[in-house]
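Notes follow the structure.
In the numbering used here, the protein residues as written are 87 to 916.
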């Protein structure tokens, strides 16, 4: 009983007993409680009655007039409370608890008297036009209008005493973290934009039964921050009064399990923890990753943590806030119906871009002071918008906060290079110390003394420069949106920086560079390069890939080679070309390999062949080679890629294709132009061939698929002049390889014509040229080096003899040098 009432109420009961003895009554009733209030003239209830216009002396006369003095004597210590008095005490405590107070004060005794029916004490007070509603409003207003500084002091002292009480326990401090203490010490970051969620948590915690909320949301949306926000609100008394004196603790489930090797150790530890938790009132236990308690610590034939918590949750002895993801909740919690029904679900959604900007503005001060930088509004906006646009496997606000933290760190580290002057002086210092040691060893003490003086001067200079440098590092650096773009580019591999002069020249010259490698397809190269230039300049649909193209034409005319050259020129390597051979997806059951096997099948956890590669390398060229060979279900998948710029794999990951270039190759309709002669196709026939190919394409592919492709490009058949240039390109690569041996290659025009005539096939394009050079030239040169016919530091000449290639090798030293000498002489004469 002593814990439920303040010391002033216990004093009031003592006075009530004395008043009963004074009147020779054999009981303590409501009238004695009112006389006790009057007797304690400096008490809380007496002050309340005076404030509301009552006369204390008159109240005493009125009460004594209603009750008669008894002539019977009564032994001290044997006075019982009447049922009405007991009811008044009980009501006062329940009313105090209902209003959020730990114990009942004198005002609640006064309020409970007015809540009684047919009560003498109530009749006396009511004669002054005072009722229970007035007393209740007075209690609330008197508390709300109290001095703020004293209120803060009281709340701090209460919090400190509660924390001290918790820290004196054995199990709870070892296996939990005091979030309320962190809120009191202002360690926690402020929580912005989650007022509705915190109010909902407070509402569930205030329930009489099933008062255990569980926060369900994707990783990084701010579930833990909501609990921290609740702890901050409890400290600030901005929650329902029922929660004012609560402490929020975060459970360390790993610590509970650690070291429990033998059966019964975990249960024993959990039992002690639960007993302390139940005996220590007003504790809210926060369990992050709530699903981990299912099966935690459970061995064969023993209980896990979830089953140990269930009885206490059912009785209402403990209160828990859980946090978990939606997938984990479905996988672990929903399967256990008894555990699920003890929690109330709160779905936590990802905040909007505007809300995330407000969140970052609310916490940026802590990051600015930590990194010694200044974040402006544009940089905060860039952190949110760029992370939302280019980081698709994580959620706001977590990814935006990470970008803000990293860009601040990068900005500060860029200014922490050691000054060159210090490095130069340190090198001088090393040399002087070395010379001084030698002078001492040779007993040249005068020289050693001079070197010591120089050493002191250099150390003073280093200290001076060091102090200036340290003062410079305390300067506040400004972070702008360009710094944010650089950081996001580093994280994602997607170029977001403003185009510099070098890259601008590269983009402008890309078309000319590729045209030197891809012969006869200038219109296709111009179309693809222009789409890349538009994307880097910022003029593209943000929800579509950079560009989507279908390359049509016979085999061997450069469709796949163009994709390779684009990859090399954009990324300076071939690793960013994701090639999918569609002949592997001719059957319907193979289509799932692109996005991953369905649940229950082998390879489900591995992801898809396409989606995993794009997920790891979002800025790339995706080549679907020979697209017409794929099953029709593949085209249904590609509709979403081409139109929305994303695809969901079997694991639920949203794969972003908005920074990829989609290229599809096809040979459809090329058999219609086989009657045309290679190299002698007129322009009119060329346009007719293109229209015939397009007709076949429209018949094979569905309109909704073709309509989503940016451009369908028909590659031109290769002419004789094109093939001649291709021979020169192939021979150039061979010359580069021979240059490592200091071997030169000379080939006559007749030899080139022979290669052209033997390798010219309309159906196969340029591929036979590569094969004939490999078989007729590379193989014979390789054989010549193995047989020692050809040696290093020589020149190999290739000519023709009766429609056959003839090879000759001459040492470079044996070549005539007359021309070189004449040239030198001419230079001298000039």
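Ideal placement from N, C-alpha and C gives every residue a C-beta, glycine not left out.
With a threshold of 16 other beta carbon atoms within 10 Å, residue 874 falls short and is exposed. Taking all protein chains shown into account, residue 407 has 16 or more neighbouring C-beta atoms within 10 Å of its C-beta and is therefore buried. Within its own chain, the residues whose Cβ lies closer than 8 Å to the Cβ of residue 98, once the five positions on either side in sequence are excluded, are 119, 122, 123, 126, 129, 131, 192 and 195, listed in chain order. DSSP places residue 356 in the helix class (H, G or I) of the three-state scheme. CA-CA distance, residue 805 to residue 306, rounds to 59 Å.
In this structure residue 666 is not in contact with residue 707, their Cβ atoms being roughly 11 Å apart against a cut-off of 8 Å. Under DSSP, no beta-bridge partner is assigned to residue 596. Put simply, the backbone Cα of residue 217 is about 42 Å away from that of residue 277. The shortest C-alpha to C-alpha distance from residue 717 to any of 741, 695, 677 and 693 is the one to 677. The beta carbons of residue 153 and residue 117 sit about 5 Å from each other, so the pair counts as a contact at 8 Å. For residue 871 and residue 877, the gap between their C-alpha atoms comes out near 6 Å. Residue 605 sits buried, since 16 or more C-beta atoms from the chains shown fall within 10 Å of its C-beta. With a cut-off of 8 Å on Cβ pairs, the stretch 738-755 is in contact with the stretch 699-713, counting three or more such pairs.
The C-alpha of residue 458 lies about 9 Å from the C-alpha of residue 495. 752 is the residue among 752, 784, 833 and 792 whose C-alpha sits nearest the C-alpha of residue 801. Beta-bridge partners of residue 263 (DSSP): 336. Around the beta-carbon of residue 808, 16 or more other beta-carbon atoms lie within 10 Å, marking it buried.
Where residue 706 is concerned, there is no enclosing alpha helix (DSSP H), although the beta strand (DSSP E) around it starts and stops at 706-711.
Membership of residue 797 in the beta strand (DSSP E) is indicated by the continuous run 797-800. Shown here, residue 455 sits in a helix according to DSSP, grouped into three states. Contact check for residue 359 and residue 342: beta-carbon distance about 7 Å, within the 8 Å limit, so the pair qualifies. Approximately 6 Å separates the beta-carbon atoms of residue 210 and residue 145; this is inside 8 Å, confirming the contact.
Between residue 520 and residue 531, the alpha-carbon positions lie close to 14 Å from each other.
Just so you know, the alpha carbons of residue 724 and residue 639 end up roughly 21 Å apart. One alpha carbon belongs to residue 206, the other to residue 189, and they sit about 26 Å apart.
Counting other Cβ atoms within 10 Å of its Cβ, residue 279 reaches 16 or more and is therefore classed as buried. Under the three-state reduction of DSSP, residue 344 is assigned to coil, being neither helix nor strand. DSSP links residue 167 through a beta bridge to 114. Residue 846 and residue 838 have their C-alpha atoms spaced approximately 12 Å apart. With contacts defined by Cβ atoms closer than 9 Å, residue 332 and residue 273 do not form a contacting pair.
Look at residue 780 here: in three-state DSSP terms it is helix. Straight across, the Cα-Cα distance linking residue 814 with residue 855 is about 11 Å.
In the displayed model, residue 750 falls within a strand according to three-state DSSP.
A straight line joining the alpha-carbon of residue 182 with that of residue 221 spans about 13 Å. At the C-beta level, residue 891 and residue 862 come within 9 Å of one another.
Within the stretch 610-653, the beta strand (DSSP E) runs of at least 3 residues that lie entirely inside it are, in chain order, 633-638.
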